[in-house]
Amino acid sequence: MAHVKKALAVVALTLTVCSTALLAADDSKPAGSDAVTRRLSQEQYRQVVSDLFGPSIKVGGRFEPDIRRDGLLAMGSAQVSVTASGLEEYDKIARNVAAQVVSEAHRDTLIPCTPANAKQPDDACATKFLSETGRMLYRRPLTQDELGSRVKVANDAAVGLKDFYSGLGIALATMMESPKFLFRQEIAEPDTDHSGQYRMEAYSKASQLSFFLWNAAPDPELLAAAEKGDLNSEKGLAKQVDRMIASPRLQGGVRAFFTDMLGFEEFETLAKDSMIFPKFNTKVAKDAQEQTLRTITNTLLVEKGDYRDIFTTRKTFLSPVLASVYQVPLVAPAGNWSPYEFPEGDPRAGIVSQVAFVALHSHPGRSSPTLRGKAVREVLLCQKVPTPPANVNFTLVQDTKNPQYKTARARLHAHATDATCAGCHKIMDPIGLGLEAFDSGGSLRSAENGEVLDTSGELDGMKFTDAAGLAKAVHEDAAAPACVVTRAASYGLGRLPSKDETEWVKSLQASFKDGGYRFPALLRRIATSPEFYRVSPPRMGAIEAPSKLASQANPEAKESQK
Amino acid sequence: MFRMKTMLSATALALPMLVASVASAETRSFVISYLTDGNWSDGKGDCPNGLNMSAIDFYRRDLAKAGYKHDEIEAALKDFPGEGGLKQPWVPMVATRGNHKDNVYAHPETFPDPGMIEVSGKYSYGFNLDGKGAASPNSFEEPDTHEKGVNNQLYRVEGCVRSYRGLPPPGRPSLPENLWDVLRDVMPAWLITINAPGGFDKDGPVSITWDRALERITRDASGAVAQADMTYQIDPDPRSHNELKGEIKGNVVTGASPDWMMVLDPYMQPDIHFAKMHMRMTIAADGTARGTIGGYQPWSTIYYGFADQGHIKEYAASINLPALYYALKRNADYDPDPATGQNRQISSAYQIEAVRAFAVPSSNRTAQADSDSTKAR
Chain P
6 MAHVKKALAV VALTLTVCST ALLAADDSKP AGSDAVTRRL SQEQYRQVVS DLFGPSIKVG
66 GRFEPDIRRD GLLAMGSAQV SVTASGLEEY DKIARNVAAQ VVSEAHRDTL IPCTPANAKQ
126 PDDACATKFL SETGRMLYRR PLTQDELGSR VKVANDAAVG LKDFYSGLGI ALATMMESPK
186 FLFRQEIAEP DTDHSGQYRM EAYSKASQLS FFLWNAAPDP ELLAAAEKGD LNSEKGLAKQ
246 VDRMIASPRL QGGVRAFFTD MLGFEEFETL AKDSMIFPKF NTKVAKDAQE QTLRTITNTL
306 LVEKGDYRDI FTTRKTFLSP VLASVYQVPL VAPAGNWSPY EFPEGDPRAG IVSQVAFVAL
366 HSHPGRSSPT LRGKAVREVL LCQKVPTPPA NVNFTLVQDT KNPQYKTARA RLHAHATDAT
426 CAGCHKIMDP IGLGLEAFDS GGSLRSAENG EVLDTSGELD GMKFTDAAGL AKAVHEDAAA
486 PACVVTRAAS YGLGRLPSKD ETEWVKSLQA SFKDGGYRFP ALLRRIATSP EFYRVSPPRM
546 GAIEAPSKLA SQANPEAKES QK
Chain L
16 MFRMKTMLSA TALALPMLVA SVASAETRSF VISYLTDGNW SDGKGDCPNG LNMSAIDFYR
76 RDLAKAGYKH DEIEAALKDF PGEGGLKQPW VPMVATRGNH KDNVYAHPET FPDPGMIEVS
136 GKYSYGFNLD GKGAASPNSF EEPDTHEKGV NNQLYRVEGC VRSYRGLPPP GRPSLPENLW
196 DVLRDVMPAW LITINAPGGF DKDGPVSITW DRALERITRD ASGAVAQADM TYQIDPDPRS
256 HNELKGEIKG NVVTGASPDW MMVLDPYMQP DIHFAKMHMR MTIAADGTAR GTIGGYQPWS
316 TIYYGFADQG HIKEYAASIN LPALYYALKR NADYDPDPAT GQNRQISSAY QIEAVRAFAV
376 PSSNRTAQAD SDSTKAR
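If you read the protein sequences in the order shown, they are chains P and L.
Under this note's numbering, think of the first position of the first sequence as 6, with each following residue one higher.
Under this note's numbering, think of the first position of the second sequence as 16, with each following residue one higher.
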């Protein structure tokens with residue numbers, strides 16, 4: 006486990022550098038914010054392995070839990086480390102992946118060379134594989150020292166194990182549990198176009214761009230552009246951004262963004278009382294997320310529509326089991342999903358009335374106008390709702406069998422007679438009551454405890470009578486598109502925009518509006534902005550730019566950057 | 016309610032042949048969640064003479080009758096049942112206990128009738144199939160409707176076998192429940208579609224169809240019941256298409272058909288083929304339905320549904336198969352063979368539980384074709 010200890014030490018060093026930089030930050034910086042270091046999410050890790058080795062290589066194991074900060078896991082990823090037990094898990098995962106890669110089943114396709122003798126070290130073959138693979142894992146070329154040390158690990162292990170491939174697998178595993186793979190480090194360099202300012206060096210830029218648009222590590226073309234210095238020119242950057250936005254892989258990136266923004270990781274712990282909501286099984290929970298993501302990507306990427314239409318569109322997609330929750334007949338094709346359009350007049354309109362939203366923001370045994378209203382404000386409008394005081398008495402609200410208060414509206418009304426509760430409830434409940442036609446499992450209902458439901462409500466002065474009306478109110482609320490702009494920028498940056506970046510965010514919001522709220526255009530605008538790559542000058546313990554290190558390893562690259 | 020209207024109109028679109036021309040016509044489809052032998056029990060009144068022996072006991076008895084010595088029998092049954100495979104010493108002995116050479120399950124008459132404790136209680140699920148009412152010999156009283164003259168001789172045969180004995184409602188006989196629970200994950204679902212020209216809120220005539228689906232059921236979150244409101248394509252295979260005339264009264268739908276067949280699965284029995292089929296189904300406010308189907312069916316089909324698994328089902332279910340054979344033959348009550356006078360069919364009943372579903376026409380695919388293409392893959 007020597008390499009584990011070494012890796013732990015490197016993690017500690019990395020985080021020390023990162024936190025030192027954060028501590029050193031002050032308001033006098035010229036622009037941008039402190040460089041952030043982000044841990045790869047589980048999905049990103051899996052995507053990298055899939056992109057590099059193909060889908061037949063399985064990634065199993067327990068990943069470190071993500072944390073949500075300021076509305077996004079992407080921002081939490083810049084504030085997490087790896088625990089000792091987590092590192093052991095990364096070690097297991099890496100060893101398992103590496104063993105599959107060098108196995109007899111895969112080595113002929115995944116290893117680009119054959120050793121002279123499979124029972125002995127082979128310097129040339131190990132160097133070729135590790136340099137090519139390492140470049141994709143570290144998202145930059147390996148330095149000569151890095152490559153040399155990994156080849157030595159491979160050779161030493163091959164001698165001990167009398168097997169070239171086993172040795173190569175161990176070297177690959179050490180790279181996959183390295184902080185250089187597990188963490189995305191932003192490295193600053195002077196911005197030659199803006200004197201006194203700093204920007205990310207080219208490989209950091211490539212990662213920033215690729216994880217933002219594709220939720221994946223840079224592909225060879227993007228790395229090549231970074232190596233040639235193309236990403237430091239407006240034209241070169243735009244060329245790559247346009248290529249990536251035109252790629253089908255953009256869908257993966259957009260799905261990842263909305264998965265994060267909508268808090269879908271909470272589905273992992275979502276529970277429903279199966280006696281009350283027998284239809285809400287694990288397949289429904291999984292398909293409900295997929296439905297919302299398909300609705301969003303269809304509206305934004307396929308139809309190239311207005312972002313706000315995700316709140317009102319009646320066009321969606323259904324799987325057979327999801328159709329049972331919506332109580333509509335559906336014969337699914339081989340792919341198991343069918344396009345479906347709710348008829349005019351149906352209360353289902355937009356993602357807020359879909360099973361994913363109403364089920365996620367409910368209690369296990371009952372709906373919750375409060376949680377749903379809070380989610381509309383916090384998730385979709387980026388507004389902060391104060392947390393309830395610690396001593397709130399929820400007994401009345403939870404008593405769904407109270408004969409005096411048969412509906413959630415009645416219970417909440419009674420609860421809100423307490424002045425300490427009323428203030429916050431009035432900014433949440435009138436929104437969520439519009440969704441009361443949907444129970445906690447997402448099914449449509451017309452009554453609760455025999456009493457016909459009143460689904461009228463209000464969002465900041467816009468009154469409505471049902472969920473479709475609420476959808477229109479969110480559609481018309483200027484906070485909704487402004488929110489997604491801020492979220493997208495924060496998601497890409499891994500932090501909240503700084504005060505210096507306020508004007509930039511405002512300009513993004515204005516251009517989003519002027520352009521008809523087209524989401525790909527927003528992504529392009531963010532991804533081509535200098536602000537997206539601007540960082541504060543390194544203060545202490547600066548890490549030498551890998552591009553500089555790489556140029557030492559590859560003199561030709563150094564020349565091309567001149 | 017809007018959704019209900021949408022659902023019904025969609026169903027109506029999917030089943031144009033079933034939609035009545037009047038505005039109030041309503042069509043509802045159901046998928047069978049459970050089908051289990053209609054074996055009633057209150058735990059005491061059904062089997063006053065006790066229950067049938069467990070397998071190890073009747074094997075001891077039968078092997079002794081077959082001429083094996085005590086020590087031979089005990090040696091063979093020492094590790095009974097073991098893993099139940101053919102290498103177990105008791106397996107070839109019990110399988111050829113008739114004449115020491117032929118398979119007793121295929122040729123049950125090679126062994127003399129071991130006898131069977133039969134149901135002698137008053138009640139049974141089922142129907143007055145012979146139309147004789149209380150005057151019908153060997154008939155029961157229906158425990159819920161209290162209709163007299165209920166014919167269910169299959170229940171009489173198997174109702175005092177421990178694994179087939181009923182449980183007080185809403186319990187189900189354990190082995191039939193287990194069989195269906197296994198089967199429904201691998202066999203096409205069974206569908207019932209009821210068209211009520213005057214709607215379900217009004218008493219009147221209905222037309223009913225029974226079909227197999229192309230799809231299997233999906234379980235709900237409890238894992239026990241079929242997910243409601245799933246969509247199923249109707250298998251166009253005519254073998255499992257049945258049209259019944261019936262009526263709705265209150266929330267109870269009844270129907271009958273002179274000849275009714277549904278393809279089942281050899282794991283239970285290849286099919287259920289009723290003559291004089293009757294059904295009665297109560298639709299609850301939550302959309303679920305419970306009821307009974309019954310009719311006369313060939314007892315040989317039932318017997319070989321047990322016997323094709325030989326000793327496995329015999330010891331696992333503790334049901335003595337030669338005894339079952341003789342009991343079915345003895346209690347058969349319909350369709351005498353013109354040559355011998357032996358009745359070829361036996362009255363029977365099954366309990367059904369169903370949830371709402373959408374039944375839509377399929378393309379020209381059939382479950383059989385799908386099954387064959389799966390095998391080909």
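Positions of the beta carbon are idealized from the N, C-alpha and C atoms, including for glycine.
In this text, all values refer to a predicted model and were calculated from it rather than measured experimentally.
Quiz item: For the beta strand (DSSP E) that D393(L) lies in, which residues bound it at each end?
Solution: With chain L represented from 16 up to 392, any question about residue 393(L) goes unanswered, as that position is not in the structure.
Quiz item: Is there at least one Cβ from chain P nearer than 8 Å to A243(L)'s Cβ?
Solution: yes
Self-check item: Per-residue DSSP class, three states only, for S377(L)
Solution: coil
Quiz item: Between which two residues does the beta strand (DSSP E) carrying G310(L) extend?
Solution: 304 to 313
Quiz item: Does the Cβ of T302(P) have 16 or more other Cβ atoms within 10 Å, making it buried, or fewer, making it exposed?
Solution: buried
Practice problem: Can you have a look at H293(L) and say buried or exposed, based on whether 16 or more other CB atoms are within 10 angstroms of its CB? | Solution: buried
Quiz item: Going by C-alpha distance, which of F45(L), A347(L), A121(L), P203(L) is nearest Q168(L)?
Solution: A347(L)
Self-check item: Cβ contact check for the stretch 194 to 213 of chain L and the stretch 64 to 84 of chain L: 3 or more pairs under 8 Å
Solution: no
Quiz item: Taking 8 Å as the CB-CB cut-off, is K277(P) touching chain C?
Solution: Given the protein chain composition of this structure (P and L), no chain C is represented.
Quiz prompt | Proximity winner among Y50(P), S38(P), D471(P), P502(P), relative to R220(P) (alpha-carbon distances) | solution = One point to set straight first is that residue 220(P) is Asn, not Arg, in the sequence displayed. Of the listed residues, the one whose Cα sits closest to N220(P) is Y50(P).
Exercise. Mind checking which residues open and close the beta strand (DSSP E) that includes I393(L)?
Key: In the structure as shown, chain L starts at 16 and stops at 392, and residue 393(L) therefore has no counterpart that could be examined.
Self-check item: Cα-Cα separation, N407(P) to N454(P)
Solution: 9 Å
Self-check item: Other residues of its chain near G370(P): CB distance less than 6 Å, five sequence neighbours each side excluded
Solution: Excluding positions up to five away in sequence, the list reads D278, I281.
Quiz item: In its own chain, which residues sit with a C-beta less than 7 Å from the C-beta of I531(P), not counting the 5 before and 5 after it?
Solution: Apart from sequence neighbours up to five positions away, the residues of its chain that approach I531(P) with a beta-carbon distance below 7 Å are A493, A494, G497, L513, F537, ordered along the chain.
Quiz item: With A3(P) and T460(P) assumed to form a contact (beta carbons below 8 Å), what rounded beta-carbon distance in angstroms separates them?
Solution: A query on residue 3(P) cannot be resolved here, the shown segment of chain P reaching from 6 to 567 and no further.
Quiz item: Any idea what DSSP makes of D292(P), helix, strand or coil?
Solution: In the three-state scheme derived from DSSP, where H, G and I count as helix and E and B as strand, D292(P) is classed as helix.
Quiz item: For the stretch 366 to 379 of chain L, which residues have a CB atom closer than 7 Å to at least one CB atom of chain P, in sequence order?
Solution: F373, V375
Quiz item: To which residues does DSSP link P225(L) through a beta bridge?
Solution: The amino acid occupying residue 225(L) in the given sequence is Trp; Pro does not appear at that position. Bridge partners of W225(L): I207(L), N257(L).
Quiz item: Quick one: is H161(L) buried, meaning 16 or more other Cβ sit within 10 Å of its Cβ, or exposed?
Solution: Per the 10 Å Cβ criterion, exposed.
Quiz item: Buried or exposed: where does R67(P) fall if 16 or more other Cβ atoms within 10 Å of its Cβ makes it buried?
Solution: exposed
Exercise. Please decide whether N286(P) counts as near chain L, where near means a Cβ-Cβ distance under 8 Å.
Key: yes
Self-check item: Against chain L: residues of the stretch 310 to 332 of chain P by CB proximity under 7 Å
Solution: Listed in sequence order: P325, V326, A328, S329, Q332.
Quiz item: Who are the Cβ neighbours of S154(L) in its own chain at under 6 Å, not counting the five residues just before and after it?
Solution: G164, V165, N166
Practice problem: Look up K163(L) in the DSSP assignment and give the residues it is bridged to. | Solution: E156(L)
Quiz item: Which residue comes first and which comes last in the alpha helix (DSSP H) that contains M181(P)?
Solution: 169 to 181
Quiz prompt | Contact list for the stretch 252 to 270 of chain L against chain P, Cβ threshold 8 Å | solution = none
Exercise. Using a cut-off of 7 Å between C-beta atoms, extract the partners of V336(P) located in chain L.
Key: Close to V336(P), with beta-carbon spacing below 7 Å, are these residues of chain L in chain order: T246, Q248, V375.
Exercise. Could you tell me if V37(L) is buried or exposed, where buried requires 16 or more neighbouring beta carbons within 10 angstroms of its beta carbon?
Key: Reliability of the predicted coordinates at V37(L) is poor, the pLDDT of 47 falling under 50, and the value obtained from them is presented with this limitation in mind. Answer is exposed; the Cβ neighbour count stays below 16.
Quiz prompt | Alpha-carbon to alpha-carbon, F524(P) and L306(P) | solution = So the alpha carbons of these two residues sit roughly 8 Å apart.
Quiz item: In terms of residue numbering, what span does the beta strand (DSSP E) encompassing G462(P) cover?
Solution: 462 to 464
Exercise. Starting from the Cα of A56(P), find the closest Cα among D71(P), L115(P), G466(P), V259(P) and give me that residue.
Key: Looking at the sequence provided, one finds Asp at residue 56(P) rather than Ala. Nearest C-alpha to D56(P): L115(P).
Practice problem: Note the first and the last residue of the continuous beta strand (DSSP E) segment covering H293(L). | Solution: 284 to 298
Exercise. Alpha carbon to alpha carbon, how far is Q103(L) from E48(P)? Give it in angstroms, no decimals.
Key: 52 Å
Practice problem: Return the bridge partner residues of T51(L) from the DSSP annotation. | Solution: Q366(L)
Quiz item: Under a Cβ-count criterion, where at least 16 other Cβ atoms within 10 Å of its own Cβ denotes burial, should D32(P) be classed as buried or exposed?
Solution: Confidence at D32(P) is low in this model, with a pLDDT of 38, below 50, so the placement of that residue is unreliable and no value is reported for it.
Practice problem: Taking only beta-carbon positions, decide if V240(L) is within less than 8 Å of chain P. | Solution: yes
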